[in-house]
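Residue 245 in the working numbering sits at position 208 of the sequence shown, and the numbers go up by one each step.
Only one structure is covered here, and it is reproduced in the block below.
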Amino acid sequence: DTDGVITDSARVHAAAWKTAFDASPLLRGMRPFDVREDYLRYVDGRSRLDGARAYLESRGLAPSEAEVQTVAADKERLFTARLREHGIDAYPGTVRLLGVLRSAGVATAAVSASRHARELLEHAGVRDLFDTLVDGSEASRLHLAGKPDPALFLEAARRLGTPADRAAVVEDALAGVEAGRRGGFGVVIGVDRTHTPGTRTALLEHGADLVVDDLAELLDSEG
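And the structure:
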C-alpha cells in the first residue's frame, strides 16, 4: 500500500476528508468526521467514491450518485491543494526495508486506490524502489474493483510474476488487510501508525497475520 505505509500521506488524506465531510450540507448537525476512527473504518484504502459513499451511508444516509461525487470532488480538490503546498515524505523505516529487499533481489510493487500514487511516490523520491505500480488510474483502466476486493493486489502480483501465496501484502487500512486475506496472499502485514490497541486489534481481526508500528521492525539487528 502507498498512503500510510510508504508515504506519510494518510494524514493529508484524513484532513482533506474531514474538511469535505464536515462542510457537506448532507451531514449538517451530525457528529464531525473523526480523523482516526472514521478514516480507518470507512475511507482508508478505498477509492474516493467508495470512501465517500461508505461514510455517508454509515450516517444513515442514502446518498445519490451526484451527492457522492460532490463530496469526493471536494476532497480531491482539498487533498491536491494540501499536497502541493506542504509536500510529502516517505517513512524512513519503509525505505530501509525496501532497500534490503531490493538488495536481496525481491520484487516489489506499490498498490493504491488513489490516482495520486505515482505523484506521491515521485515527490517522495521512492518510485524507483518499485518494479511496478498499480494505482487508481490503472484500476479504472482495467476495471479493477477496489479494496476490500483483492483485485489491485492480484494484478500487482501478476505483473511481478509471483503467485499470491508466495507474496506479502503490507497495509495500514482495514479494507487493505482484508483484501490481502481474501486474495490468498502468503503473509498480510498490518502497519499501525496510530499506536492504539483498538487499531492493532482491528487490523488483526480484518486479516493481518502480524501488526507492526514501523516496517523497520521487520529487519533483524544487522539489517
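A virtual CB, placed ideally from N, CA and C, is assigned to each residue, including glycine.
Buried versus exposed, by CB contacts within 10 Å (16 or more), residue i
| i | result |
| --- | --- |
| THR39 | buried |
| SER258 | Confidence is the limiting factor: at SER258 the pLDDT is only 44, short of 50, which leaves the residue's position unreliable, though a coordinate-based value still follows. Per the 10 Å Cβ criterion, exposed. |
| GLU242 | exposed |
| GLY260 | Low per-residue confidence applies at GLY260: pLDDT is 46, beneath 50, and the placement is therefore not dependable, though the value from the model is reported in the following sentence. It is exposed - the Cβ of GLY260 has fewer than 16 other Cβ atoms within 10 Å. |
| LEU179 | exposed |
| GLU175 | buried |
| LEU247 | exposed |
| THR236 | buried |
| PHE140 | Residue identity check: residue 140 is Ser in the sequence provided, not Phe. With fewer than 16 other Cβ atoms within 10 Å, it is exposed. |
| ARG121 | exposed |
| THR44 | buried |
| SER177 | exposed |
Residues near residue i in its chain [Cβ-Cβ closer than 6 Å; skip 5 each side]
| i | result |
| --- | --- |
| PRO100 | LEU93 |
| THR56 | LEU115 |
| TYR76 | ALA51 |
Opening and closing residue of the beta strand (DSSP E) in which residue i lies
| i | result |
| --- | --- |
| LEU271 | Here the chain covers residues 38 to 260 and nothing more, so residue 271 does not appear. |
| GLY41 | Careful: GLY41 lies outside any beta strand (DSSP E) and carries neither H nor E. |
| ALA146 | 146-148 |
Cβ neighbours of residue i in the same chain (closer than 7 Å, five flanking residues each side left out)
| i | result |
| --- | --- |
| VAL42 | THR131, VAL207, GLU208, ASP209 and VAL228 |
| GLY244 | VAL214, GLU215, GLY217, ARG218 and VAL225 |
| ARG73 | THR231 |
Bounding residues of the alpha helix (DSSP H) (the contiguous stretch that carries residue i)
| i | result |
| --- | --- |
| VAL108 | 102-123 |
| LEU166 | No alpha helix (DSSP H) contains LEU166, which DSSP labels as neither H nor E. |
| VAL80 | First-last for VAL80: undefined, no H or E at that position. |
| HIS160 | 154-161 |
| ALA188 | 188-197 |
| GLY235 | 234-242 |
Contact set for residue i: own chain, Cβ-Cβ below 8 Å, skip 5 residues either direction
| i | result |
| --- | --- |
| GLU254 | GLY130 |
| VAL105 | LEU86, ALA89, ARG90 and LEU93 |
| HIS123 | VAL49 |
| GLY162 | ALA127 |
| LEU138 | THR145 |
Per DSSP, cross-strand counterpart(s) of residue i
| i | result |
| --- | --- |
| GLY227 | GLU208 and VAL248 |
| VAL143 | Looking at the DSSP assignment, VAL143 forms no beta bridge with any residue, so it has no partner. |
| ALA127 | THR44 |
| LEU37 | With the chain covering 38 to 260 only, the question about residue 37 has no answer from this structure. |
Min CB distance residue i to chain C below 8 Å
| i | result |
| --- | --- |
| ALA47 | Checking the listed chains, one finds no chain C in this structure; it contains a single protein chain. |
With three or more beta-carbon pairs closer than 8 Å as the criterion, would you say the segment 179-194 touches the segment 210-223? yes
Could you tell me whether the segment 168-178 touches the segment 134-146, using the rule of 3 or more Cβ pairs below 8 Å? yes
Evaluate the contact criterion for the segment 44-61 versus the segment 109-128: three or more CB pairs, one atom per stretch, below 8 Å. yes
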